[in-house]
DNA sequence: CCTTACCTTCCTACTGGTAGGTAGACAAAC
DNA sequence: GTTTGTCTACCTACCAGTAGGAAGGTAAGG
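Protein chains in written order, with the working numbering: chain F, 1 to 202; chain R, 203 to 404.
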């Protein structure tokens, strides 16, 4: 009931929390070593180089995010609820996991000095997220729950930027609640102005 | 007609461009040393510790930003033009200075592992910017050019988050133009929907 | 005018510590 | 009996920071 994670997974878990805290240059093999009680050399056995470790980590993160977003679309029929619970997911993360952060948002800032194998994977996650948001907004327009000023793809970029910027602000001000305030208001702007909702849901 | 900057200013200039590229842990005294042709030890003469260097740097950045924002309010009478040219400033930076970035947005991501003397100064800049945006939006509401859904302070936070998030997206996608797309659309959402403007201006 | 003293700036040379990474031995598991 | 995981021990490169001194400017005192 306690630990079932393999060593490599534990390494990735620790590395992820360290990256979230301080970025690519903000952690070392020694840090991971100390955190999980294993020698540095053993980590190199699992992940020969740092670039490879982070590349695998970002790949895993992207897949997890992809799966999470997919399940949100399956779990909630209404696009506005899908957006809402995506927002709530991050609100919870940021509040509970003491100032959490999206790994890829963190790495995006360091893009210019990231190994290419990492940078390309960060880009892939941004693509995925943008596409997911676009299709949710698109569906919302078709169901008449959203009223957009721009094309869904553009509004998706705006929303994604808000999410990442809000994470940054929450950190800068040391105020986890700020994230929720910003994103909720941003989502509210997308909602079509009062109308007897078409479907029976809600 | 060439160089009038003192050594310490050159150090700060180089350090700033290095931080923008890779954050606090992404540069070293050796990097600065190589860039301006001076020995490492000489940099320690001007700035004994790295924390002090960055603290001074962020202070300078905050003052410059403060002055720039103030002059925008003096140069343009219309709040929407003030916002517009603030946006254009960053568009130019990001396009010309090959993927530039706000120093404080960069450091905000690393907040958790920044020396306190740096962190507090980053917070100060975020406060300044939020206050400036709030007062511009406030003025816009009074002049009937902006129609806000939330209190000006909240809308200011939303706008600030969009700006920082858009910088992140521009980097992640390697597309400088994306910044302008996102911010212009965000500003457009604030404008009051068509109305014979009260003042003669514009 | 010249000396003494101080200050600023930069230098060479170095410290202790940490970075990412490697070599090879050992033990358990398949 | 090879593969897998861990270890000790080590490497080179680099990190922030220090010691001590050379070069030059400035200014006071005689």
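Beta carbons: idealized from backbone N, C-alpha and C, even for Gly.
Values in this document were obtained by computation on a predicted structure and should not be read as measured data.
If you measure from the CB of residue 70/F, is any heavy atom of the ligand COA nearer than 8 angstroms? Ligands are entirely absent from the displayed structure, and the ligand COA is therefore not among its contents.
Would you tell me roughly how many angstroms separate the C-alpha atoms of residue 334/R and residue 280/R, rounded to the nearest one? For the purposes of this step, residue 334/R is identified with residue 132 of the second chain, where counting begins at 1. For the purposes of this step, residue 280/R is identified with residue 78 of the second chain, where counting begins at 1. Residue 334/R and residue 280/R have their C-alpha atoms roughly 14 angstroms apart.
By the 7 angstroms beta-carbon criterion, what residues does the region 343-358 of chain R contribute toward chain F? Of all residues in the region 343-358 of chain R, 351, 352 and 356 have a Cβ within less than 7 angstroms of some Cβ in chain F.
Taking a contact to mean a Cβ-Cβ separation below 9 angstroms, would you say residue 257/R touches residue 323/R in this structure? On the second chain, residue 257/R is found 55 positions in, with the first residue counted as 1. On the second chain, residue 323/R is found 121 positions in, with the first residue counted as 1. Yes. Within cutoff.
Starting from the C-beta of residue 224/F, find all residues in its chain whose C-beta is less than 8 angstroms away, skip the five residues before and the five after it, and write them out in chain order. The structure shown does not extend to residue 224/F, since chain F is modelled only from 1 through 202, so no value can be given for it.
Output yes if chain R places a C-beta closer than 9 angstroms to the C-beta of residue 104/F; else output no. Within the first chain, numbered from 1, the residue matching residue 104/F stands at position 104. With 9 angstroms as the cut-off, residue 104/F counts as an interface residue toward chain R.
I'd like to know if residue 202/F contacts chain R, where contact means its C-beta is closer than 9 angstroms to some C-beta of that chain. In the first chain, residue 202/F corresponds to position 202, counting from 1. The predicted model places residue 202/F with a pLDDT of 41, which falls under 50 and marks its position as unreliable; any figure quoted below should be read in that light. Residue 202/F does not count as touching chain R.
Residues in its own chain within less than 7 angstroms of residue 307/R by CB, not counting five upstream and five downstream? As a working note, residue 307/R is residue 105 in the second chain. Only residues of its own chain outside the window of five on either side were considered, and among them 366 and 369 have a CB closer than 7 angstroms to the CB of residue 307/R, listed in chain order.
So what's residue 393/R in DSSP terms, helix, strand or just coil? By 1-based counting over the second chain, the position of residue 393/R is 191. The answer is strand: DSSP assigns residue 393/R an E or B state.
Answer yes or no: does any C-beta atom of chain F fall closer than 9 angstroms to that of residue 286/R? Translated into the one-based positions of the second chain, residue 286/R becomes position 84. Residue 286/R does not count as touching chain F.
Measuring CA to CA, which of 357/R, 245/R, 376/R and 378/R is closest to residue 390/R? As a first step, residue 390/R is located in the second chain; it is residue number 188 there, counting from the start. Checking every option, the nearest Cα to that of residue 390/R belongs to 357/R.
Could you confirm whether any beta carbon from chain F is found closer than 9 angstroms to the beta carbon of residue 252/R? Reading the second chain from its first residue, position 50 is the one you call residue 252/R. Judged by the 9 angstroms Cβ criterion, residue 252/R is not in contact with chain F.
Closest to residue 305/R by C-alpha separation, out of 219/R, 228/R, 372/R and 230/R, would be which residue? For the purposes of this step, residue 305/R is identified with residue 103 of the second chain, where counting begins at 1. Minimum Cα distance to residue 305/R is reached at 219/R.
With C-beta atoms as the reference, is residue 72/F less than 9 angstroms away from residue 19/F? Taking the first residue of the first chain as position 1, residue 72/F is located at position 72. Taking the first residue of the first chain as position 1, residue 19/F is located at position 19. Cβ atoms of residue 72/F and residue 19/F: not closer than 9 angstroms.
Would you tell me roughly how many angstroms separate the C-alpha atoms of residue 262/R and residue 210/R, rounded to the nearest one? The residue you call residue 262/R lines up with position 60 of the second chain. The residue you call residue 210/R lines up with position 8 of the second chain. Whole-angstrom Cα-Cα distance: 12 angstroms.
Does the distance from the CB of residue 157/F to the CB of residue 301/R come in under 9 angstroms? In the first chain, the residue the question calls residue 157/F occupies position 157. In the second chain, the residue the question calls residue 301/R occupies position 99. Judged by beta-carbon spacing, residue 301/R lies beyond the 9 angstroms limit of residue 157/F, meaning their Cβ atoms are not closer than that value.
Report, in whole angstroms, the separation of the C-beta atoms of residue 136/F and residue 83/F, which I expect to be a contact under 8 angstroms. Walking along the first chain from the start, residue 136/F turns up at place 136. Walking along the first chain from the start, residue 83/F turns up at place 83. With 8 angstroms as the limit, residue 136/F and residue 83/F qualify as a contact, their Cβ atoms being about 6 angstroms apart.
Alpha-carbon spacing of residue 319/R relative to residue 74/F, whole angstroms: Residue 319/R sits at position 117 when you count from the first residue of the second chain. Residue 74/F sits at position 74 when you count from the first residue of the first chain. About 47 angstroms.
Residues of the region 371-388 of chain R with Cβ closer than 7 angstroms to any Cβ of chain F, in chain order: The residues in question are 371, 373, 374, 375, 380, 383, 384, 387 and 388.
As assigned by DSSP and simplified to three states, the class of residue 89/F: By one-based count along the first chain, residue 89/F stands at place 89. Correct three-state label for residue 89/F: helix.
Counting only the same chain and skipping the five closest in sequence on each side, list residues whose C-beta sits under 8 angstroms from that of residue 15/F. Looking up residue 15/F in the first chain gives position 15. Scanning its chain for C-beta atoms nearer than 8 angstroms, with the 5 sequence neighbours on each side dropped, one finds around residue 15/F the residues 27, 32, 53, 54 and 57, in chain order.
Please classify residue 146/F: is it buried, with 16 or more other beta-carbons within 10 angstroms of its beta-carbon, or exposed? Here residue 146/F is taken as the residue at index 146 of the first chain, counted from 1. A residue is called buried when at least 16 other Cβ atoms come within 10 angstroms of its Cβ; residue 146/F meets this threshold and is buried.
CB contact below 9 angstroms: residue 227/R versus chain F: Translated into the one-based positions of the second chain, residue 227/R becomes position 25. Interface residue, yes.
Mind pulling the chain R residues with CB within less than 8 angstroms of residue 123/F? Sequence index remark: in the first chain, residue 123/F carries index 123 (1-based). Within chain R, the residues near residue 123/F are 374, 375 and 376.
Just the C-alpha distance for residue 160/F and residue 170/F, rounded to the nearest angstrom, thanks. Along the first chain, one-based indexing puts residue 160/F at 160. Along the first chain, one-based indexing puts residue 170/F at 170. So the two alpha carbons sit approximately 15 angstroms from each other.
So which residues on chain F does residue 391/R lean against when the C-beta distance must stay under 7 angstroms? For the purposes of this step, residue 391/R is taken as residue 189 along the second chain, with counting starting at 1. The contacting residues are 149 and 189.
What's the gap between the Cα of residue 299/R and the Cα of residue 376/R? The residue you call residue 299/R lines up with position 97 of the second chain. The residue you call residue 376/R lines up with position 174 of the second chain. Computed Cα separation, rounded: 13 angstroms.
Any beta-carbon of chain F closer than 9 angstroms to the one on residue 205/R? Residue 205/R sits at position 3 when you count from the first residue of the second chain. Only weak support is given to the placement of residue 205/R: the predicted model assigns it a pLDDT of 43, under 50, and the value that follows is read from those uncertain coordinates. The C-beta of residue 205/R comes no closer than 9 angstroms to any C-beta of chain F.
For chain F, is any of its Cβ atoms less than 9 angstroms away from the one on residue 276/R? Position 74 of the second chain holds residue 276/R. Chain F, which has no Cβ nearer than 9 angstroms to the Cβ of residue 276/R, makes this no.
Decide if residue 48/F is buried, meaning its Cβ has at least 16 other Cβ atoms within 10 Å, or exposed. By one-based count along the first chain, residue 48/F stands at place 48. It is exposed - the Cβ of residue 48/F has fewer than 16 other Cβ atoms within 10 Å.
Could you say which of 162/F, 150/F and 22/F lies nearest to residue 183/F if we only look at CA atoms? Walking along the first chain from the start, residue 183/F turns up at place 183. When each option's Cα is compared against that of residue 183/F, the closest is 162/F.
What are the complete alpha helix (DSSP H) segments, minimum 4 residues, inside the region 115-202 of chain F? Qualifying alpha helix (DSSP H) stretches, in chain order: 116-142, 152-173 and 177-188.
Residue 303/R, buried or exposed, once every other Cβ within 10 Å from all chains shown has been counted against 16: Taking the second chain and counting its residues from 1, one reaches residue 303/R at position 101. By the neighbour-count rule (16 or more Cβ atoms within 10 Å), residue 303/R is buried.
List, in chain order, every chain R residue whose beta-carbon is nearer than 7 angstroms to that of residue 110/F. Along the first chain, read from residue 1 onward, the residue named residue 110/F stands at position 110. Chain-order list of chain R residues neighbouring residue 110/F: 224, 225 and 228, by C-beta distance under 7 angstroms.
Output, in chain order, the set of chain F residues within a Cβ distance shorter than 7 angstroms of residue 368/R. Looking up residue 368/R in the second chain gives position 166. 161, listed in chain order.
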